[in-house]
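Asks:
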Amino acid sequence: MKHKKDRTSLALSLLTHVAAVITILCLLFIIAYILIRGVPNLKPSLFAWEYNTDNVSMMPSIINTVIVVLMTLLIAGPIGIFSAIYLVEYAKRGSKLVKIILLTTETLSGIPSIVYGLFGSLMFVLSMGMGLSVLAGSLTLAIMVLPTIMRTTQEALVAVPDSYREGSFGLGAGKLRTIFRIILPSAVPGIMSGIVLSMGRIVGETAALIYTSGTVAKVCTDVFAPGSTLAVHMYRLMSEGLYTEQACAVGVVLLVFVIVMNSLSSYLGRKLVKG
Amino acid sequence: MQLRENAMRIVFMLAACFSIVAVFFICFYLFINGLPAIAKIGPLNFLTGMEWAPSNELYGIFPMIIGSIYVTAGAIIVGVPIGILTAVYMAYFCPKKIYRIVKPAVELLAGIPSIVYGFFGLVVIVPLIQDVFHTSGNTVLAASVLLGIMILPTIVSVSEASLQAVPDSYYEGSLALGASHERSVYFVCLKAAKSGVLAGVILGVGRAIGETMAVIMVAGNQAVIPGSLLHGVRTMTANIVLEMGYASGLHREALIATACVLFVFIMIINLSFSALKRKEAKA
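Chains A and B supply the protein sequences, listed in that same order.
Sequential numbering from 26 applies to the first sequence in this note's numbering.
Sequential numbering from 3 applies to the second sequence in this note's numbering.
1) Please determine, among B:V158, B:V243, B:Y248, B:C191, the residue with the shortest C-alpha to C-alpha distance to A167 of chain B.
2) Hey, would you say I258 of chain B sits closer than 8 Å to L143 of chain A, going by beta carbons?
3) Over what stretch of residues does the alpha helix (DSSP H) that includes D187 of chain A continue unbroken?
4) Please classify G192 of chain A: is it buried, with 16 or more other beta-carbons within 10 angstroms of its beta-carbon, or exposed?
5) Counting Cβ pairs closer than 8 Å, one from the segment 102-122 of chain A and one from the segment 10-26 of chain B, do we hit at least three?
6) Report back the beta-carbon spacing between C273 of chain A and N66 of chain A to the nearest angstrom; my notes put them in contact at under 8 Å.
7) Since G222 of chain B sits in a beta bridge, which residues does DSSP pair it with?
8) Would you call the segment 233-252 of chain B and the segment 179-191 of chain B in contact, with 3 or more CB pairs under 8 Å?
9) Buried or exposed, going by whether 16 or more other CB atoms sit within 10 Å of the CB of A178 of chain B?
10) Where does M26 of chain A sit, in a helix, a strand or coil, going by DSSP?
11) Which residues in the same chain have their Cβ closer than 7 Å to the Cβ of L273 of chain B, if we skip the five residues on either side of it in sequence?
12) Locate the alpha helix (DSSP H) running through D133 of chain B, then write down its first and last residues.
13) Where do the N-terminal and C-terminal ends of the alpha helix (DSSP H) with P172 of chain A fall, by residue?
14) Verify whether the separation of the beta carbon atoms of S21 of chain B and L166 of chain A is less than 8 Å.
15) Would A1 of chain B and S146 of chain B be called neighbours here (beta carbons separated by less than 8 Å)?
16) Between A250 of chain A and chain B, is the shortest Cβ-Cβ distance under 8 Å, so that the two count as touching?
17) Quick one: list the residues of chain A neighbouring T239 of chain B, beta-carbon separation under 7 Å, in chain order.
18) Using alpha carbons as the reference points, say which of A:V275, A:R295, A:L53, A:G294 lies closest to S82 of chain A.
19) So, does the CB of M10 of chain B fall closer than 8 Å to a CB anywhere in chain A?
20) Compare the C-beta of K30 of chain A against all C-beta atoms of chain B and say whether one is closer than 8 Å.
21) In the DSSP assignment, what residue or residues form a beta bridge with L60 of chain B?
22) How many angstroms separate the CA atom of F121 of chain B from the CA atom of V128 of chain B?
23) Check whether the segment 40-52 of chain A and the segment 104-118 of chain B are in contact - that is, three or more C-beta pairs closer than 8 Å.
24) Does any residue of chain B have a CB that is nearer than 8 Å to the CB of M26 of chain A?
25) Does A18 of chain B have its Cβ less than 8 Å from a Cβ in chain A?
26) Using 10 angstroms around the beta-carbon of V266 of chain B, count the other beta-carbons present and answer buried if the total reaches 16, otherwise exposed.
27) How about P251 of chain A and S238 of chain A: are their beta carbons less than 8 Å apart?
28) At a Cβ threshold of 8 Å, is Y111 of chain A touching chain B?
29) Rounded to the nearest angstrom, how far is the Cβ of I117 of chain B from that of A256 of chain A, given a contact under 8 Å?
30) Give me the Cβ distance between G154 of chain A and G215 of chain A, rounded to the nearest whole Å; I'm assuming they're in contact under 8 Å.
31) Between which two residues does the alpha helix (DSSP H) holding T33 of chain A run?
32) Run through DSSP, which three-state label would M66 of chain B get?
33) Would you grab the beta carbon distance between A119 of chain B and L148 of chain B for me? Rounded to a whole angstrom, and I think it's under 8 Å.
34) Suppose you measure from the CA of L267 of chain A to the CA of M175 of chain A; what does that come to, to the nearest Å?
35) Taking the straight line between their C-alpha atoms, what separation do you get for F249 of chain A and F48 of chain B?
36) Just checking my contact of P228 of chain B with G81 of chain B at CB under 8 Å: how many whole Å lie between their CB atoms?
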């Protein structure tokens, strides 16, 4: 039976719908604006191999971004996955160590990126003598994305049914074999979704990289050479004030990358839920 | 065999302890480099000093602390109502078909890099404010609106999760007592999810206070306490990122000390967030 609603209910209903529309419009507007303004500026010359002041090519920064992403994941991936394995498969729930690990992980995920950048420049760049380098940048970012990888891997491991473990033990496999042969393979989609999510964060990061891997728009030749990633490159173009159009083109590339990563991550996440 | 099992067990444990080591090093490096500067300048002079003029050896970060609080408060006013209402929409009003669009959209909003937000603020929000109010567009208002949009996804996803966790029986019971759908949702379910929603807001506050790149693009960055919404403002994060490139000596240490203050702020916010989450888990 439909009956007439009172005024409060109608007002609340209206408010709710308006708010949802605002949220969606914000997103659509930002994306549409960047695309409409940026796509016409995506000239082939922006993808030239060499960066100079006449042609602020983003190609060197794209290559640096790929290098930084790979190095960061190479460092943070194993550590994150291993710590998740420890927390889910080995540790006793509620033990003191677990509590401290969870607390510190939560702390790490709340620290602002500029504080990471400052820490990275103090520890890796200066104290450990790496100088402004992609290695220092990657190490800093590795600590930054560690909580993301840990949390998603943990969720993926917990989602593996206990019967898998029991079945494997029942057949006489040891704990280690069970983890690597049975549990990890069935948790792969979940773990991958976390890794992909971290890739998005690494690519979009600016503040943590300016003072660790530097703003030089040159392809880094070795890990101790500085090199700007795409987001840092965009920051530099903007702060110089002369290259707004080109910055917008970089924004398009960043945005497209993030959209692809996000869809991939949620696709992998759905795959995990379906099992 | 047994040896390998035990060896790997230790490897896993060491990996798990990595986050403890990381937090320790971060605290260690920040405070060892920042605290001497605070001692040299004098804690009171540093925290409540009204002037930031490194060339005159004046290091007061009070304007920046107030600046951070202002833009965060602005972001809350812009972002929290819309965020909570959107979460309610997703949890109780949204048809399944639309949910499949809205949910990824909110996730995407969270994934957009802050430098892209900054660009958007610089070329859209700032000129808009300039045209409407005929002042410089780099203002508290611009930073608040931009940060309000940026913290939306955080607030929406945390609030939505806690709304979904409210037992259906609450909603059904309220309907059975004759309350309308909207009244049930707002006066029963939202009330039950209160602490989760609050946790989302706190997490959003943490994001807003720590945001750097987007803020420096739109805030104007004058190191004075803004007189109104239409004045420029400099946050603690902006202070660090703007001057770290060329600072040296005490100036540089004062910037690191600014990061220490920021870190303490974030720690307080984080602790209240996890306390609230624990409370929600218990309830």
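We put the beta carbon where it would ideally sit given N, CA and C, even for glycine.
From a predicted model like this one, the values you see are computed outputs, not experimental measurements.
Replies: In short, the structure shows the following:
1) Here residue 167 of chain B refers to the residue found at position 165 when the second sequence is read from its first residue. Closest by alpha carbon: B:C191.
2) Residue numbering aside, residue 258 of chain B sits at position 256 when the second sequence is read from its first letter. Residue numbering aside, residue 143 of chain A sits at position 118 when the first sequence is read from its first letter. Yes, Cβ-Cβ distance for I258 of chain B and L143 of chain A is below 8 Å.
3) By 1-based counting over the first sequence, the position of residue 187 of chain A is 162. Segment 187-195, the alpha helix (DSSP H) holding D187 of chain A.
4) Within the first sequence, residue 192 of chain A is the residue found at index 167, counting from 1. G192 of chain A is exposed by the Cβ-count criterion.
5) yes
6) Reading the first sequence from its first residue, position 248 is the one you call residue 273 of chain A. Reading the first sequence from its first residue, position 41 is the one you call residue 66 of chain A. About 6 Å separates the two Cβ atoms, so the contact holds.
7) Within the second sequence, the letter at position 220 stands for residue 222 of chain B. DSSP, once it has assigned bridges, lists B:V235 as partnering G222 of chain B.
8) no
9) If you number the second sequence from 1, residue 178 of chain B lands on position 176. By the 10 Å Cβ count, A178 of chain B comes out exposed.
10) Within the first sequence, residue 26 of chain A is the residue found at index 1, counting from 1. In this prediction, M26 of chain A scores a pLDDT of 45, lower than 50, which makes its location untrustworthy; the coordinate-derived value is nonetheless stated afterwards. Of the three classes helix, strand and coil, the one that applies to M26 of chain A here is coil, per DSSP.
11) Numbered from its first residue, the second sequence carries residue 273 of chain B at position 271. Nothing listed; no residue qualifies.
12) Here residue 133 of chain B refers to the residue found at position 131 of the second sequence. Note, D133 of chain B: alpha helix (DSSP H), 128-135.
13) As a working mapping, residue 172 of chain A is identified with position 147 in the first sequence. Counting along the chain, the alpha helix (DSSP H) containing P172 of chain A begins and ends at 159-184.
14) Position 19 of the second sequence holds residue 21 of chain B. Position 141 of the first sequence holds residue 166 of chain A. No, Cβ-Cβ distance for S21 of chain B and L166 of chain A is not below 8 Å.
15) The shown model of chain B, from 3 to 285, leaves out residue 1 of chain B, and the question about it has no answer.
16) Reading the first sequence from its first residue, position 225 is the one you call residue 250 of chain A. Cβ-Cβ to chain B under 8 Å: no for A250 of chain A.
17) The residue labelled residue 239 of chain B in the question sits at position 237 within the second sequence. Those within 7 Å of T239 of chain B in chain A are P137, I139.
18) The residue labelled residue 82 of chain A in the question sits at position 57 within the first sequence. Closest option to S82 of chain A, Cα to Cα, is A:V275.
19) Mapped onto the second sequence, residue 10 of chain B falls at position 8. Chain A contact via Cβ: present.
20) Within the first sequence, numbered from 1, the residue matching residue 30 of chain A stands at position 5. It does; some Cβ of chain B falls within 8 Å.
21) In the second sequence, the residue the question calls residue 60 of chain B occupies position 58. BP columns for L60 of chain B point to B:A55.
22) For this step, residue 121 of chain B is matched to residue 119 along the second sequence. For this step, residue 128 of chain B is matched to residue 126 along the second sequence. Spanning the two alpha carbons is a distance of roughly 10 Å.
23) yes
24) Position 1 of the first sequence, counting from 1, holds the residue named residue 26 of chain A. Caution applies to M26 of chain A, whose pLDDT of 45 falls short of 50 and renders its modelled position unreliable; the value that the coordinates give is listed next. Chain B, which has no Cβ nearer than 8 Å to the Cβ of M26 of chain A, makes this no.
25) Along the second sequence, one-based indexing puts residue 18 of chain B at 16. Closer than 8 Å to some Cβ of chain A, the Cβ of A18 of chain B qualifies, so yes.
26) Reading the second sequence from its first residue, position 264 is the one you call residue 266 of chain B. Exposed: under 16 other Cβ atoms inside 10 Å.
27) Mapped onto the first sequence, residue 251 of chain A falls at position 226. Mapped onto the first sequence, residue 238 of chain A falls at position 213. A contact, by the Cβ cut-off of 8 Å.
28) Taking the first residue of the first sequence as position 1, residue 111 of chain A is located at position 86. Yes, Y111 of chain A counts as interfacial toward chain B.
29) As a first step, residue 117 of chain B must be located in the second sequence, where it is residue number 115. As a first step, residue 256 of chain A must be located in the first sequence, where it is residue number 231. Contact holds; Cβ gap of about 5 Å.
30) Stepping through the first sequence from its first residue, residue 154 of chain A is reached at position 129. Stepping through the first sequence from its first residue, residue 215 of chain A is reached at position 190. Not confirmed; about 38 Å, so no contact.
31) As a first step, residue 33 of chain A is located in the first sequence; it is residue number 8 there, counting from the start. Run containing T33 of chain A: 32-63, per the alpha helix (DSSP H) assignment.
32) Stepping through the second sequence from its first residue, residue 66 of chain B is reached at position 64. Helix at M66 of chain B.
33) Translated into positions along the second sequence, residue 119 of chain B becomes position 117. Translated into positions along the second sequence, residue 148 of chain B becomes position 146. A small correction: the amino acid at residue 119 of chain B is Tyr; Ala does not occupy that position in the sequence shown. Yes, they are in contact, since the Cβ atoms of Y119 of chain B and L148 of chain B sit about 6 Å apart, within 8 Å.
34) Counted from its first residue, the first sequence places residue 267 of chain A at position 242. Counted from its first residue, the first sequence places residue 175 of chain A at position 150. L267 of chain A and M175 of chain A: Cα-Cα distance of roughly 41 Å.
35) As a working note, residue 249 of chain A is residue 224 in the first sequence. As a working note, residue 48 of chain B is residue 46 in the second sequence. One C-alpha to the other measures close to 36 Å.
36) As a working mapping, residue 228 of chain B is identified with position 226 in the second sequence. As a working mapping, residue 81 of chain B is identified with position 79 in the second sequence. No, P228 of chain B and G81 of chain B are not in contact; Cβ-Cβ is about 19 Å, not under 8 Å.
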